[in-house]
Amino acid sequence: MVSEIVTLQAFLDRWSGDDAARKAVAAAVTAITEAGVGIADLVARGPLEDGLAKIRGDEANAGGDAQKELDVIAEERILAALAATPVAFLASEESEALIPVNPAGSLVVAVDPLDGSSNIDTNVSVGTIYSIMPLDTPEDPAASVMRPGRHQVAAGFLAYGPATILVATFGAGTQVFVQDRTSGDFVLARTSVEIPADTKEYGINQSNVRHWAPPMKAYLDDCLAGKEGPRGKDFNMRWVGSMVADAFRIFTRGGVYVYPGDKRKGYENGRLRLIYEANPVAFLTEQAKGAATDGSTRILDITPHHIHQRIPLVFGSKAEVEKIAAYY
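Quick note: the sequence shown uses the numbering used here, first residue 57, plus one each step.
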């Protein structure tokens, strides 16, 4: 917790100072959060905006998933908000190719405009995930995206739930901001998030166990065996199915999130996107003293081979992530 009221804008002003590169990042984050406030308002209308939860005909996004009306609106709002910032290109889960934003920009932003959109009509928290990278090769902007996640300069996600929350990192710890609905400002609530290294809580869609590889089945079996098993302790399972909600739980009290690849068609290499989801969450997690892998390899060391590449994802309490890697 913090002892003084610090708004997001004040935090960004202190962090950026007179550094032009940092000021550019701060402008991008400010724009994303401003767009997020509007998206949160739409999400909060729930069934009153029933049409926003409907699938757009037979359309799918660039990753092949069913595209809902609010997915597109969220992308449009983020794009409009970034237009006046130093962002040169936007890479979005909803679009096949990079979207030009500001020809004079120095940054590339990758975004999942509405993570968890399949839950829009169930009143479950959904959110926006973003990753910010420097535009090092203006003549080939895709090259700035197609590199390991360790090159990110900032990342975060907005969670639209009972509170609208921003979890952010600028490479020096992970911070949590909460929107004050009276003033509209995002206020710093936690200055330095630290995910406990050990946990007795895991999040996984256990209904898919029959499709998993033997190492993942063995891990789950040992957790289910509880105190009498090889792990020597009882576990709880928590699974929302909206990654921003599951992630915020882990940043709040620890735990591990597991989304492995499996034998189903289209799931062989995992289901989450490396650039839009795994990289920013991994950056946030490591800055909170946790760990993030694809089961065995550090996420931030993986070089993408496709802008919409999917990948397995394990993140959260460091000791548990390492334990899972040992099974592989």
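Beta carbons are placed, not taken as given, at the ideal position from N, Cα and C, and that holds for glycine.
Annotated three-state conformation of Gln235 is strand, per DSSP. Taking a contact to require three or more Cβ pairs closer than 8 Å, the stretch 333 to 348 and the stretch 186 to 199 qualify as touching. Counting the other CB atoms within 10 Å of its CB gives Gly322 a total below 16, which places it among the exposed residues. With fewer than 16 other Cβ atoms from the protein chains shown falling within 10 Å of its own Cβ, Ala77 counts as exposed. Following the DSSP letters along the chain, one finds Val164 inside the beta strand (DSSP E) bounded by residues Leu163 to Asp171. Shortest Cα-Cα distance from Asp177 to any of Ala100, Glu150, Leu222 and Gly311 involves Ala100. Burial of Thr220 is indicated by the presence of at least 16 other C-beta atoms within 10 angstroms of its C-beta.
Residue Ala166 holds the alpha-carbon nearest to the alpha-carbon of Glu152 among Ala144, Ala166 and Arg237. Rounded to whole angstroms, the separation of the alpha carbons of Ala144 and Ala301 is 30 Å. With the rule of 3 Cβ pairs closer than 8 Å, the stretch 313 to 332 counts as touching the stretch 364 to 376. In the DSSP secondary-structure assignment, Ile185 is bridged to Asp168 and Phe213.
For Leu276 and Ser174, the gap between their C-alpha atoms comes out near 26 Å. Ser352 carries a coil assignment under DSSP once its states are collapsed to helix, strand and coil.
Counting every other CB atom within 10 Å of its CB across the protein chains shown gives Gln262 a total below 16, marking it as exposed. With respect to the 9 Å criterion, Gly102 and Asn179 are classified as neighbours on the basis of their beta carbons.
Looking at the DSSP output, Arg266 sits in no beta bridge, so it has no partner there. Here the C-alpha atom of Thr141 lies approximately 21 Å from the C-alpha atom of Glu150. The three-state secondary structure of Gly372, taken from DSSP, is strand. A direct Cα-Cα distance of roughly 10 Å separates Leu163 from Gln208.
Taking 8 Å as the upper bound for CB-CB distance, Lys256 and Asp290 are in contact here, some 7 Å apart. DSSP, reduced to helix, strand and coil, places Thr220 within a strand of the structure shown.
Beta-bridge partners of Tyr258 (DSSP): Met293 and Val312. In this chain, the alpha helix (DSSP H) harbouring Ala100 covers Ala76 to Ala100.
Going by DSSP, Phe242 is part of the beta strand (DSSP E) stretching over Phe242 to Arg246.
Here DSSP, grouped into helix, strand and coil, assigns Arg206 to helix.
Distances from the alpha-carbon of Ala198 to those of Thr247, Gly227, Thr225 and Ala147 put Ala147 closest. Excluding sequence positions up to five before and after Asp168, its CB lies within less than 6 Å of the CB of Glu149, Ile185, Tyr332 and Glu333, all in the same chain and listed in chain order.
A Cβ-Cβ contact shorter than 9 Å links Ala87 with Leu138. Of the residues Val201, Phe307 and Pro316, the one whose Cα lies closest to the Cα of Pro270 is Pro316. Spatial neighbours of Thr349 in its own chain (CB-CB distance under 7 Å, excluding positions within 5 residues in sequence) are listed in chain order as Ile355, Val370, Val377 and Ala381.
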